[in-house]
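In mature numbering (1 follows the signal peptide of the UniProt record, and there is no 0), the protein residues as written are -23 to -1, 1 to 201.
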């Protein structure tokens, strides 16, 4: 008979805000933004007392007036579904900020279609900052974040087309001067480096950077 890990294993605090860099501007999205899909659906703080779901939007314990998205793992009321979140975006980078109060292990997955590529990495959500760079600006990337009740569980192999072999590496901030090795280089199409940067963050946030696609010139201007 399988037993669940201690309750605190499931503590995951993230996504108090999202800030996107579009050209010269930063765009901020709340954690309740429709762009983020929670499974099971999240409850806001006013519904928390009656909410039986695994995800709850609650006041931040660190920042007055701020809100964070929190989960303590599957609940009976949500059918014991493992908490997940999904975000579709088009851009060259993504930062996921988590609280250092978090104790959950999570699987971070990045995937694209046409070509179909999927990269999964298990990380400690207490690390503070997960950084992804070098994403293809001309493809829509799907971020999937799944809480992992059993950190020792072997992850499924990445799904890739034969000509690509994407990888994800953890790069602690204390090793930022370390030379990059071939194993750290991400595939030509996806080109994502997923790193964890240690930091004392009192709140959690997901920040993604978008880059506007260059418009193709449809006609050439001729001098009068």
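Here a beta-carbon is modelled for each residue, glycine too, at the ideal position from N, C-alpha and C. All figures in this text were calculated on a predicted structure; none of them were measured in a lab.
Short Cβ contact (8 Å threshold) for residue i with residue j
| i | j | result |
| --- | --- | --- |
| residue 97 | residue 86 | yes |
| residue 222 | residue 53 | Absent from the model: residue 222. The displayed extent of the chain is -23 to 201, so no value can be given. |
| residue 19 | residue 32 | yes |
| residue 112 | residue 69 | yes |
| residue 50 | residue 124 | yes |
| residue 17 | residue 58 | yes |
| residue 89 | residue 106 | no |
DSSP-derived helix/strand/coil call for residue i
| i | result |
| --- | --- |
| residue 163 | Because the pLDDT at residue 163 is just 36, under 50, the model does not fix this residue reliably, and the value given afterwards should be weighed accordingly. Coil at residue 163, not helix or strand. |
| residue 14 | strand |
| residue 117 | coil |
| residue 54 | helix |
| residue 203 | The requested residue 203 does not occur in the structure, where the chain is confined to residues -23 to 201. |
| residue 102 | helix |
| residue 78 | coil |
| residue 36 | strand |
| residue 69 | coil |
| residue 9 | coil |
Counted within 10 angstroms of its Cβ, other Cβ atoms place residue i as buried (16 or more) or exposed
| i | result |
| --- | --- |
| residue 47 | buried |
| residue 9 | exposed |
| residue 83 | buried |
| residue 30 | buried |
| residue 108 | buried |
| residue 55 | buried |
| residue 15 | buried |
Residues that residue i bridges to, as DSSP identifies them
| i | result |
| --- | --- |
| residue 30 | For residue 30, which the question treats as bridged, DSSP gives no partner whatsoever. |
| residue 202 | An answer regarding residue 202 cannot be provided, because it is not within the stretch -23 to 201 covered by the chain. |
| residue 84 | 99 and 123 |
| residue 89 | 94 |
Evaluate contact between the stretch 108 to 121 and the stretch 61 to 79, counting only Cβ atoms and requiring at least three cross-stretch pairs below 8 Å.
In the pairwise beta carbon analysis, the stretch 108 to 121 is classified as touching the stretch 61 to 79: at least three pairs are separated by under 8 Å.
Flag this pair as touching only if the stretch 101 to 117 and the stretch 67 to 75 have three or more C-beta atom pairs under 8 Å; answer yes or no.
By the Cβ test, the stretch 101 to 117 is in contact with the stretch 67 to 75, since at least three Cβ pairs between them sit closer than 8 Å.
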